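Residue numbers -20 to -1, 1 to 244, in mature numbering (1 follows the signal peptide of the UniProt record, and there is no 0), belong to the letters of the sequence shown in order.
All C-beta atoms in this analysis are idealised placements derived from N, C-alpha and C, irrespective of residue type, glycine included.
Computed from a predicted structure; not experimentally measured.
Before any comments, here is the structure.
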Amino acid sequence: MKIHCYYSVLLIYLLYPCAARVEIDKITQDLPGCSHWNFDAFSGYIPVDETNQYHYVFLESQNNPVEDPLIIIFSGGPGCSAMNTLFQENGPCTFYGYDTNPVPHDNQYSWNTNASTLYVESPLGVGYNLGYQQEENTDEKSAELHLEFIKQWYQKYPEFKSNDLYLNGESYVGVYVPMLAVSLHQANLTTSSGGFLNLKGIMVGNPMTSWEHDARPAYIEMAYFHGLIPKHLKDSIDQNNCTYRSFNQPPLSEICEENLEKFS
C-alpha cells in the first residue's frame, strides 16, 4: 500500500510540469528520496489516434545524449505499466528494500547512464494513458499504435531521430516488440527518404512469444528436462495428447485434468 501511494506522489511530480509546459514536458521537480538529476527528463502525452494518448517518461543519457543510443522501453502483461520498469527496475530513481525503505533511492545502475531511455505506457487504457473507451485492443492494433507513437514522438523530439534505436521490454513484450520491429522495418522500406527510423536491434527479457508454445506448455518441458517431474507423468501427458495452454484452453479429458493436478 505504501509503494502504491508513493507511485501516485511520484507521478504527480512527473506530470505536474506538463500542465504548464505542454510543448516540452520537461520535469523540473526533484523526486522525493533521490538526488537532483544532472540530465534532462520529460513526461507527457503523445496522441496515437483521434481519442487516445500514450503517457511517456523520457530520460536523456547521463553520458552523451547527442550520440548515445535511444532505448524505447515497454512493459508486458499485457496490461502492465512501464512505470513499474522505471521505478522498480532500471530507472535512475527506484524502490528497493520495500520493508525498510518505503521511498525511492538513487540507482547507480540506471540504464540512462549510457543511453537515453523512453518509457512508454501501453496498450490502450494502461496506467496514465488518456482517452480509452473500450476500443479493440489486439496485438495488431497495439503494433499499429506503437508505431504511431514513435512517429509522433520523433516529431516532438527530432534531434534524436539519428540516434541508434533499440526496442526493449520483458514478458509479453516478446509479442509487442517483434511485431513493432517488423512494422518499423516495413515503414522504413516505404519511406521515400530511404528510412526514417534508425532501428538497430531489439532486446527482450524473459519473453512470452506464443500462447501456444510458451508459458504453461513450456513449464512442463522445462520441469521434465530439469528432473522436476517423473518420466511416467511426462509420458502420460504426451501419450494422451494433453494440451495445456495459457489462453483459449480447449476442454481437458479426465486423464489430462489428473496429469495437470499432479504437475501442479
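According to DSSP, is residue i part of a helix, a strand, or is it coil?
| i | result |
| --- | --- |
| residue 150 | strand |
| residue 16 | coil |
| residue 222 | coil |
| residue 60 | coil |
| residue 65 | helix |
| residue 200 | helix |
| residue 235 | helix |
| residue 93 | helix |
| residue 276 | Absent from the structure is residue 276, since the part of the chain shown begins at -20 and ends at 244. |
| residue 177 | coil |
| residue 11 | coil |
Determine which residues share a DSSP beta bridge with residue i and list them.
| i | result |
| --- | --- |
| residue 36 | 24 and 100 |
| residue 165 | Looking at the DSSP assignment, residue 165 forms no beta bridge with any residue, so it has no partner. |
| residue 74 | 85 |
Please report the residue range of the beta strand (DSSP E) in which residue i lies.
| i | result |
| --- | --- |
| residue 209 | Counting along the chain, residue 209 falls outside any beta strand (DSSP E), and DSSP gives it neither H nor E. |
| residue 51 | 50 to 53 |
Are the CB atoms of residue i and residue j nearer to each other than 8 Å?
| i | j | result |
| --- | --- | --- |
| residue 53 | residue 93 | no |
| residue 33 | residue 117 | no |
| residue 48 | residue 123 | no |
| residue 157 | residue 184 | yes |
| residue 152 | residue 56 | yes |
| residue 15 | residue 86 | yes |
Given that a residue counts as buried once 16 or more other Cβ atoms are within 10 Å of its Cβ, and exposed if not, what is residue i?
| i | result |
| --- | --- |
| residue 74 | buried |
| residue 250 | The chain is shown from -20 up to 244; residue 250 falls before or after that span and cannot be answered. |
| residue 5 | buried |
| residue 2 | Note on residue 2: pLDDT 43, under 50, position unreliable in the model; the coordinate value appears next. By the 10 Å Cβ count, residue 2 comes out exposed. |
| residue 230 | exposed |
Let's see if you can read the secondary structure: which residues bound the alpha helix (DSSP H) around residue i?
| i | result |
| --- | --- |
| residue 130 | 119 to 136 |
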